[in-house]
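A.B. asks: Numbering follows our numbering, in which position 261 of the sequence shown is assigned residue number 329; successive positions increment by one, without gaps. Please see the structure below; I have some questions.
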Amino acid sequence: MKPIFSASLALLLILNSNLSLTQTAGGVKPAHSPDIEHSIDSIIAGLTLQEKIGQLVQYSGGWSTGPTGRRINDEKRTLIKEGKTGSLLNVIGSSVTHELQKIAVEESRAKIPLLFGLDVIHGFKTTFPIPLAEAATWDAEAVELSARVSAAEAASSGIHWTFAPMVDIARDPRWGRIAEGSGEDTYLGSVMAAARVRGFQGRNLSDPTAIMACAKHYAAYGGAEGGRDYNTVDISEQTLRDVYLPPFKAALDAGAGTFMASFNEINGVPSSGSHFLLTTILRDEWGFDGFVVSDWNSIGELIPHGYAGTPARAAELAINAGLDMDMESRCYRDNLESLVTQGKVRAATLDSAVRRILRMKFRLGLFADPYRACTPEREAKTLRSAANIEAARNVARKAIVLLKNEHSLLPLSKNVKTIAVIGPLANNHRDPVGTWAGPTDTNNVVTLLDGVRAAVPASRVLFAPGCAIDGTDTAGISAAVGVARQADVILLAAGESEDMSGEARSRSSLELPGRQADLVQAVHATGKPVVLVLMNGRPLALSREAANLPAILETWFLGHETGHAIADVLFGSYAPSGRLPASFPRVTGQVPIYYNHKNTGRPADDSVHFTSRYLDVPSTPLYPFGFGLTYTSFAYADLAIASPRVKATDSVSVRITLKNTGSRGGEEVVQLYVRDEVGSLTRPVRELKAYRRVRLEPGQTTSVTLSIPATDLAFTGVDMRRRVEPGMFTVYVGPNAGEGLVGRFEVFE
Ligand code: NOJ
Numbered sequence: 069m070k071p072i073f074s075a076s077l078a079l080l081l082i083l084n085s086n087l088s089l090t091q092t093a094g095g096v097k098p099a100h101s102p103d104i105e106h107s108i109d110s111i112i113a114g115l116t117l118q119e120k121i122g123q124l125v126q127y128s129g130g131w132s133t134g135p136t137g138r139r140i141n142d143e144k145r146t147l148i149k150e151g152k153t154g155s156l157l158n159v160i161g162s163s164v165t166h167e168l169q170k171i172a173v174e175e176s177r178a179k180i181p182l183l184f185g186l187d188v189i190h191g192f193k194t195t196f197p198i199p200l201a202e203a204a205t206w207d208a209e210a211v212e213l214s215a216r217v218s219a220a221e222a223a224s225s226g227i228h229w230t231f232a233p234m235v236d237i238a239r240d241p242r243w244g245r246i247a248e249g250s251g252e253d254t255y256l257g258s259v260m261a262a263a264r265v266r267g268f269q270g271r272n273l274s275d276p277t278a279i280m281a282c283a284k285h286y287a288a289y290g291g292a293e294g295g296r297d298y299n300t301v302d303i304s305e306q307t308l309r310d311v312y313l314p315p316f317k318a319a320l321d322a323g324a325g326t327f328m329a330s331f332n333e334i335n336g337v338p339s340s341g342s343h344f345l346l347t348t349i350l351r352d353e354w355g356f357d358g359f360v361v362s363d364w365n366s367i368g369e370l371i372p373h374g375y376a377g378t379p380a381r382a383a384e385l386a387i388n389a390g391l392d393m394d395m396e397s398r399c400y401r402d403n404l405e406s407l408v409t410q411g412k413v414r415a416a417t418l419d420s421a422v423r424r425i426l427r428m429k430f431r432l433g434l435f436a437d438p439y440r441a442c443t444p445e446r447e448a449k450t451l452r453s454a455a456n457i458e459a460a461r462n463v464a465r466k467a468i469v470l471l472k473n474e475h476s477l478l479p480l481s482k483n484v485k486t487i488a489v490i491g492p493l494a495n496n497h498r499d500p501v502g503t504w505a506g507p508t509d510t511n512n513v514v515t516l517l518d519g520v521r522a523a524v525p526a527s528r529v530l531f532a533p534g535c536a537i538d539g540t541d542t543a544g545i546s547a548a549v550g551v552a553r554q555a556d557v558i559l560l561a562a563g564e565s566e567d568m569s570g571e572a573r574s575r576s577s578l579e580l581p582g583r584q585a586d587l588v589q590a591v592h593a594t595g596k597p598v599v600l601v602l603m604n605g606r607p608l609a610l611s612r613e614a615a616n617l618p619a620i621l622e623t624w625f626l627g628h629e630t631g632h633a634i635a636d637v638l639f640g641s642y643a644p645s646g647r648l649p650a651s652f653p654r655v656t657g658q659v660p661i662y663y664n665h666k667n668t669g670r671p672a673d674d675s676v677h678f679t680s681r682y683l684d685v686p687s688t689p690l691y692p693f694g695f696g697l698t699y700t701s702f703a704y705a706d707l708a709i710a711s712p713r714v715k716a717t718d719s720v721s722v723r724i725t726l727k728n729t730g731s732r733g734g735e736e737v738v739q740l741y742v743r744d745e746v747g748s749l750t751r752p753v754r755e756l757k758a759y760r761r762v763r764l765e766p767g768q769t770t771s772v773t774l775s776i777p778a779t780d781l782a783f784t785g786v787d788m789r790r791r792v793e794p795g796m797f798t799v800y801v802g803p804n805a806g807e808g809l810v811g812r813f814e815v816f817e
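In structure tokens:
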């Protein structure tokens, strides 16, 4: 057999010649197959009511990993044999999945294969950067590669289905799950959503290296009030459709086989009971033919939401809304039979849900080979192969964002004599894997200290942790200062622990936790040059650090290859090319602060009292969306719009000249934003509509043209119809959401 990795690389070359959103739509979305539908007809005709319900029920396998690890309990084995479950989550490994699948296809009456699901979020055994970090690459090919490698690894361990990508827009960094998505922007989020789906599902779901994707959490889960997880979402339907839904649509257009209903309510209706979301939009408007799974017990949670009074009513609401598979709530298992018998759920509704689930099992090739060619040999060859580790390092270094670099402190010379590596994250194996790292082995983390030692073997590298990530103990700070004094340069690794972001991990403060700010202050006071190396799962409020320190590198949580990737950037073997996927506030009190806000009737002007601002902090973020430096500088000039008047059915084409004005080669991410100046509903001050990564050598100049179809300027009107309104638009082309050359054009009907 060909090594999985080279096969996937070849595949990437075929799939990725161009990765813009419009092009992602085609190609991988599977066509409806009459043959499969006929086969499903005959399977459904032969199923008992209990067996049909069984297909809709998913249980957790309790993280069983087979003969040498945790064992799945016998009750689950019996349920499989009796046809009472169609899917399990959290069962990992080719041998245990094989054993359970054998029960399903040989010992159950209907012999329908099981579907094994798992949260493969940013890697499987090879851990890649957290999704927010991957979004910071602004590089769809890199993100697709990460998902492809993760899929190939997970598939070799018997996994068929990942609960990813998470495509929730997050405008409030207090929300811990911002780490699992692509940040605050709808366009970037849509590009990343499509890339991840393509990567997970490969060219064809029946390819044994593919796993089925699940766009989650449908919908607007990231809109939780106050950034507190699971909290209420109350937004207009226009905001839902224009801000939160497009990444889901992009995932669907890229072929995502499943959606997951979210925990939250929107405007009074919890998603897991929302016919509007699960049927009107998803099926009727968008034509989705895959299935929807609940989130963990989200059907049962219709009761505390106050939307259903009993588990039976919760089940009735959920299935009639269009929710096909019940993850762990038992509401379907215990109530569907009587609901169907009483006529509260139509037999046809149940059959449709079964059909959608069986359709995806067919597309995955499970009826042809329920084991999807999984063997322990293939698994051993695939997991953490050298090529996969190399891919993880490449993606990791692309995710790093250089936030500050006074007097070109970075890159460091490889001849630097003594380096102090300081901080609670400097030699930390646990936290760099980030949230939802699944079956990772943290022993495989290359720490910053390891990475620096490997990169500059001739240098003297000293280490002191200084303090813990959290807590009040300052006892280690003086030792760290002592180490710092001996060094020519200090790398100070500070930030969050991996469990400060992710599910149920919202924070009310975005400052460095514990006593780390004191550590930074004490080390800075030595007068030595300090590079702050941040590791964190969300935007942080870094006013103090940014005011004092000469260099700041945002490295997020980069996964196993953390130390190598950071060292590549620190010592200049890779010039930083990441850009922020979310705004960094100055202070926590500014949030939510996102670039595509409305203007208001009194737009913020820090010199005018009666404007929309705070008294005690400037109105701008510390670092805007899209921001990121590199080791050279770029100059933008000569913005030209091909035609200053465009028809609503034509394209807008904008050209600029870009020059590398520094002394090193580097990559710029040229970003195009648009503002619809006057609308029948007010429009955001800017919206990202296109971007292009451009590499230039020192002194080199090029012209960059970005074109967008005028239909991309559409928004949802008062009547809920999307339309482009004729009128004047401002266009900005620049390096981030806070800068850029400005032009204007008119759209006419
Ligand atoms: C709950 C989380 O919200 C969801 O993202 C995840 O996929 C499920 N648990 C299953 O682990």
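The C-beta atom is built at its ideal place from N, Cα and C for all residues, glycine as well.
Considering only the alpha carbon of each residue, which of Pro338, Lys120, Met393 and His665 lies closest to Lys179?
C.D. replies: Per the Cα distances, Lys120.
A.B. asks: Taking the alpha carbon of Ala448 as the point to measure from, which residue in Pro777, Ile776 and Ser163 has its own alpha carbon closest?
C.D. replies: Out of Pro777, Ile776 and Ser163, Ser163 has the C-alpha closest to the C-alpha of Ala448.
A.B. asks: Which class does Tyr704 belong to by DSSP, given the choice of helix, strand or coil?
C.D. replies: If DSSP states are grouped into helix, strand and coil, Tyr704 belongs with the strands.
A.B. asks: What does DSSP give as the partner residues of Val125 in its beta bridges?
C.D. replies: Its beta-bridge partners are Asp394.
A.B. asks: Return helix, strand or coil for Tyr12, following the three-state DSSP convention.
C.D. replies: What is shown of the chain runs 69 to 817, which leaves residue 12 out entirely.
A.B. asks: Check whether the Cβ atoms of Phe316 and Ala261 sit closer than 9 Å, and answer yes or no.
C.D. replies: A contact, by the Cβ cut-off of 9 Å.
A.B. asks: Name all residues in chain order for which at least one heavy atom of the ligand NOJ lies closer than 5 Å to the residue's CB.
C.D. replies: Having a Cβ closer than 5 Å to some heavy atom of the ligand NOJ are Asp187, Phe231, Asp363 and Trp364.
A.B. asks: Can you check the region 600–681 for any alpha helix (DSSP H) of at least 4 residues that lies completely inside it and give the ranges in chain order?
C.D. replies: Listed in chain order, they are 611–616 and 630–638.
A.B. asks: Buried or exposed: Pro438, going by 16 or more other Cβ atoms within 10 Å of its Cβ?
C.D. replies: Buried: at least 16 other Cβ atoms inside 10 Å.
A.B. asks: For Met428, list the residues DSSP reports as bridge partners.
C.D. replies: According to DSSP, Met428 bridges with nothing at all.
A.B. asks: Out of Ser719, Pro644, Asn667 and Phe652, which one is the CA nearest neighbour of Ser701?
C.D. replies: Ser701 has its Cα closest to that of Pro644, out of Ser719, Pro644, Asn667 and Phe652.
A.B. asks: Closest by CA to Gly694, which one among Gly433, Pro649, Pro479 and Gln410?
C.D. replies: Per the Cα distances, Pro649.
A.B. asks: Quick one: complete beta strand (DSSP E) runs, 3+ long, within the region 542–583?
C.D. replies: Runs found: 557–563.
A.B. asks: Can you check whether the CB of Glu755 is closer than 9 Å to the CB of Thr450?
C.D. replies: For Thr450 and Glu755, no; Cβs fall outside 9 Å.
A.B. asks: Expressed to the nearest angstrom, what Euclidean distance is found between the alpha-carbon atoms of Ser274 and Arg440?
C.D. replies: Distance between the alpha carbons of Ser274 and Arg440: 8 Å.
A.B. asks: Could you tell me the alpha carbon to alpha carbon distance between Ala93 and Tyr255, rounded to whole angstroms?
C.D. replies: Note on Ala93: pLDDT 36, under 50, position unreliable in the model; the coordinate value appears next. Using only the alpha carbons, I get a separation of about 14 Å.
A.B. asks: Taking all protein chains shown into account, decide if Val799 is buried (16 or more other Cβ within 10 angstroms of its Cβ) or exposed.
C.D. replies: That one is buried.
A.B. asks: Which value, in whole angstroms, describes the spacing of the CA atoms of Thr717 and Thr277?
C.D. replies: Approximately 40 Å between the Cα atoms of the pair.
A.B. asks: Tell me the DSSP secondary structure of Gly191 in three-state form.
C.D. replies: Three-state result, Gly191: strand.
A.B. asks: Should Gln410 go down as buried or exposed, given a rule of 16 or more other Cβ atoms within 10 Å for buried?
C.D. replies: Classification for Gln410: exposed.
A.B. asks: Consult DSSP for Gly95 and reduce its assignment to one of helix, strand or coil.
C.D. replies: Only weak support exists for where Gly95 lies, its pLDDT of 40 falling under 50; the coordinates are left without a value.
A.B. asks: Taking buried to mean at least 16 other C-beta atoms within 10 Å of its own C-beta, is Glu735 buried or exposed?
C.D. replies: Buried, by the Cβ-count rule.
A.B. asks: What three-state label does DSSP hand Gly785 in the structure shown?
C.D. replies: Reduced to three states, the DSSP call for Gly785 is coil.
A.B. asks: Look at Pro653 and Pro618 and say whether their C-beta atoms are less than 9 Å apart.
C.D. replies: Not in contact: Pro653 and Pro618 (Cβ atoms no closer than 9 Å).
A.B. asks: Within the same chain, show all residues whose beta-carbon is closer than 7 Å to that of Val815, passing over the 5 residues directly before and after it, in chain order.
C.D. replies: So the qualifying residues of the chain are Val714, Ala716, Ala778, Leu781, Val792, Pro794, Gly795 and Phe797.
A.B. asks: Excluding sequence positions up to five away, which residues of its chain have a Cβ less than 7 Å from the Cβ of Asp787?
C.D. replies: So no residue of the chain qualifies.
A.B. asks: Assign Tyr375 to one of two classes, buried (16 or more other C-beta atoms within 10 Å of its C-beta) or exposed (fewer than that).
C.D. replies: Answer is buried; the Cβ neighbour count reaches 16.
A.B. asks: Name the two residues that bound the continuous alpha helix (DSSP H) containing Ser362.
C.D. replies: Note, Ser362: premise wrong, no alpha helix (DSSP H); not H, not E.
A.B. asks: In this structure, how does DSSP classify Cys399 when only helix, strand and coil are distinguished?
C.D. replies: Helix, per DSSP.
A.B. asks: Identify, in the order they occur along the chain, each residue of the same chain with its Cβ nearer than 7 Å to the Cβ of Gly291, setting aside the five sequence neighbours on each side.
C.D. replies: Contacts found: Val301, Ile303 and Tyr312.
A.B. asks: Please go through the region 438–515 and give each complete beta strand (DSSP E) segment of 3 or more residues, from N-terminal end onward.
C.D. replies: For the region 438–515, whole beta strand (DSSP E) runs of length 3 or above, ordered along the chain, are 469–473 and 486–490.
A.B. asks: Given that a residue counts as buried once 16 or more other Cβ atoms are within 10 Å of its Cβ, and exposed if not, what is His37?
C.D. replies: For the chain, the structure presents residues 69 to 817; residue 37 sits outside this window and is missing.
A.B. asks: Express the C-alpha separation of Gly550 and Pro233 in angstroms, rounding to a whole number.
C.D. replies: About 45 Å.
A.B. asks: Cα separation between Gly646 and Ala467?
C.D. replies: Using only the alpha carbons, I get a separation of about 5 Å.
A.B. asks: Quick check: the region 592–607 against the region 428–438, are there 3 or more CB pairs under 8 Å?
C.D. replies: Result no; under three Cβ-Cβ pairs closer than 8 Å.
A.B. asks: In terms of alpha-carbon separation, which member of Gly696, Ala672 and Leu697 lies closest to Val685?
C.D. replies: Comparing Cα positions, the closest option is Ala672.
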